[in-house]
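Numbering (numbering that gives the first Met the number 0), first residue to last: 0 to 279. From the three backbone atoms N, C-alpha and C, an ideal C-beta is built for every residue, glycine too. As the structure is a prediction and not an experimental result, all values here were calculated from the model. What follows is a set of notes on a single structure, which appears directly below.
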Amino acid sequence: MSIKLEHILKRVQALPPLPTSALRVIALTKNSATTVKELEIVIAQDPALTAGILRQANSAFYGYARRISSLQEAIVMLGFHVIQGLAMASAVAPLLKTNLLGYEIEQEGLWKHSMLTAMTAKRLCHYRKLPYGDVAFTAGLLHDIGKLVISIYVEEVGSFLVKKVEQAKLPYAELEEKIIGYSHATVGGFLARTWFLPEDLVSAISYHHNPSQAPSFLELASVVHVANGLASLLGIGGGVDSLLNPIQAEALHRLSLKQADLEHLMSELGEILVDPSIFS
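Written out as structure tokens, the structure reads:
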């Protein structure tokens, strides 16, 4: 069935660009000279973004003892890097809240799985004392964006893919590459470059199923790989491939993670999931 690269790239380019308001927020949060007031003014112009940030600030994931009621307070409490991730979440939410028949993902399923992966990636960084938790959050949020492009091709060969996984004992994503010509991870990397995202995000998205093959940012790719695996085990969102891409031993070794560590992280995430607002 091998699909030509030109067909993949046309579908990538057909996806809408990121919203201007989110791009402005992301640019401001990257500028060390930006003030809280400047950022507040830009965010306040987008009511949906403002509401989303306040909902997340008050969710169980961030766990503040008192309610955060103003945008200025949220920016100060959460910090610029967290606001950047939430702006990206607001930007991609409409894209991720869609049915993907090829992967048997119902409406909002991909969004929930992506948010849970993002939160897991950030928690994992905190747990291992890695300094890039906010980057890992964004990478986790975007790791499956390639599914938006190749779901239509998976739809044609979905049952065959599952059958081959069982026969060949290979991960689903690896068989996507063999049968379709491109995995959703590779295509996600193409899309990330189209959106002019930084190389650390491109690498983590492109190699989240095979982090050992990443030419750079192997550790970040490993974090997203493990986070994706844990999110899939929790059974929120996801699709037909959720349990057909096992966590690799090499990634666990790279992050010095044992079974007890994974159980601890799963327990923490289970406590967060009692709050439905994290997927708002």
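Measure the alpha-carbon distance for E105 versus H112 and round it to whole angstroms. Translated into the one-based positions of the sequence shown, residue 105 becomes position 106. Translated into the one-based positions of the sequence shown, residue 112 becomes position 113. Each residue's Cα considered, the two are about 11 angstroms apart.
Do you know how far the Cα of G145 is from the Cα of E267? Position 268 of the sequence shown holds residue 267. Position 146 of the sequence shown holds residue 145. When rounded, the distance between both Cα atoms is 28 angstroms.
So A135 and L219 are in contact, right, with Cβ under 8 angstroms, and what is the actual spacing, rounded? On the sequence shown, position 136 is the one that residue 135 refers to. On the sequence shown, position 220 is the one that residue 219 refers to. Rounded, the Cβ-Cβ distance is 6 angstroms, consistent with contact.
Suppose contacts are defined by Cβ-Cβ distances below 8 angstroms. Is A213 in contact with I204 by that definition? For the purposes of this step, residue 213 is identified with residue 214 of the sequence shown, where counting begins at 1. For the purposes of this step, residue 204 is identified with residue 205 of the sequence shown, where counting begins at 1. Cβ atoms of A213 and I204: not closer than 8 angstroms.
Using the three-state DSSP reduction, which class does L200 fall into: helix, strand or coil? Numbered from 1 along the sequence shown, position 201 holds the residue referred to as residue 200. L200: helix per DSSP, three-state reduction.
List the endpoints of the continuous alpha helix (DSSP H) containing T19. The count along the sequence shown starts at 1 and reaches residue 19 at position 20. T19 to K29 is the extent of the alpha helix (DSSP H) around T19.
Taking 7 angstroms as the limit between beta carbons, can you name the residues of its chain near A90, skipping five residues before and five after? Start at 1 with the first residue of the sequence shown, and residue 90 comes out as number 91. If we look at A90 and ignore the five residues flanking it on each side, its Cβ neighbours are L17, P18 and A21.
State the beta-bridge partners of L99 as determined by DSSP. The residue you call residue 99 lines up with position 100 of the sequence shown. In DSSP, L99 forms a bridge with I104.
Does the region 176-189 come within contact of the region 114-124, defined as at least 3 CB pairs closer than 8 angstroms? no
Taking Cβ to Cβ, would you say L94 is nearer than 8 angstroms to E154? Locating residue 94 in the sequence shown gives position 95, where the first residue counts as 1. Locating residue 154 in the sequence shown gives position 155, where the first residue counts as 1. Against a cut-off of 8 angstroms, the Cβ pair of E154 and L94 comes out as no contact.
Which class does W110 belong to by DSSP, given the choice of helix, strand or coil? Reading the sequence shown from its first residue, position 111 is the one you call residue 110. The answer is helix: DSSP assigns W110 an H, G or I state.
Quick one: what does DSSP say T33 is sitting in, helix, strand or coil? Taking the sequence shown and counting its residues from 1, one reaches residue 33 at position 34. Coil.
To the nearest angstrom, report how far apart E270 and L233 are at their CA atoms. Counting from 1 along the sequence shown, the entry for residue 270 is found at position 271. Counting from 1 along the sequence shown, the entry for residue 233 is found at position 234. If I take the Cα positions, the gap works out to 12 angstroms.
Check whether the region 248-259 touches the region 31-50, taking contact to mean three or more Cβ pairs, one atom from each stretch, closer than 8 angstroms. no
State the Cα-Cα distance for the pair P130 and L77, rounded to the nearest angstrom. By 1-based counting over the sequence shown, the position of residue 130 is 131. By 1-based counting over the sequence shown, the position of residue 77 is 78. Their Cα atoms are separated by approximately 16 angstroms.
For A92, which of V164, Q258 and L147 has the nearest alpha-carbon? Numbered from 1 along the sequence shown, position 93 holds the residue referred to as residue 92. Ranking the options by Cα distance to A92, first place goes to L147.
Please report how far the alpha carbon of H183 lies from the alpha carbon of K36, in whole angstroms. Position 184 of the sequence shown, counted from the start, is the residue given in the question as residue 183. Position 37 of the sequence shown, counted from the start, is the residue given in the question as residue 36. When rounded, the distance between both Cα atoms is 39 angstroms.
With a threshold of 6 angstroms on Cβ separation, who are the neighbours of G132 within its own chain once the five nearest residues in sequence on each side are excluded? To locate residue 132, count along the sequence shown from 1; it is residue 133. Around G132: K121, C124 and H125.
Whole-angstrom distance between V225 and L261, CA atom to CA atom: Locating residue 261 in the sequence shown gives position 262, where the first residue counts as 1. Locating residue 225 in the sequence shown gives position 226, where the first residue counts as 1. Cα to Cα, L261 sits roughly 9 angstroms from V225.
If contacts are defined as beta-carbon pairs under 8 angstroms, then L65 and S276 qualify, I think. What distance do you get, rounded to the angstrom? One-based indexing of the sequence shown puts residue 65 at position 66. One-based indexing of the sequence shown puts residue 276 at position 277. As written in the sequence, residue 65 is Arg, which differs from the Leu given in the question. Not confirmed; about 16 angstroms, so no contact.
Going straight from the alpha carbon of I151 to that of P15, what length do you get? Position 152 of the sequence shown, counted from the start, is the residue given in the question as residue 151. Position 16 of the sequence shown, counted from the start, is the residue given in the question as residue 15. Taking the straight line joining both Cα atoms gives about 17 angstroms.
Of the choices G62, P210, V156 and E198, whose alpha-carbon is the least far from that of N244? Counting from 1 along the sequence shown, the entry for residue 244 is found at position 245. Comparing Cα positions, the closest option is P210.
The ligand FMN and G51: does any heavy atom of the ligand fall closer than 7 angstroms to the residue's C-beta? Summarising the ligand content, the structure contains no ligands, and the ligand FMN is consequently not present.
Helix, strand or coil for A90? Go by DSSP, reduced to three states. By one-based count along the sequence shown, residue 90 stands at place 91. The answer is helix: DSSP assigns A90 an H, G or I state.
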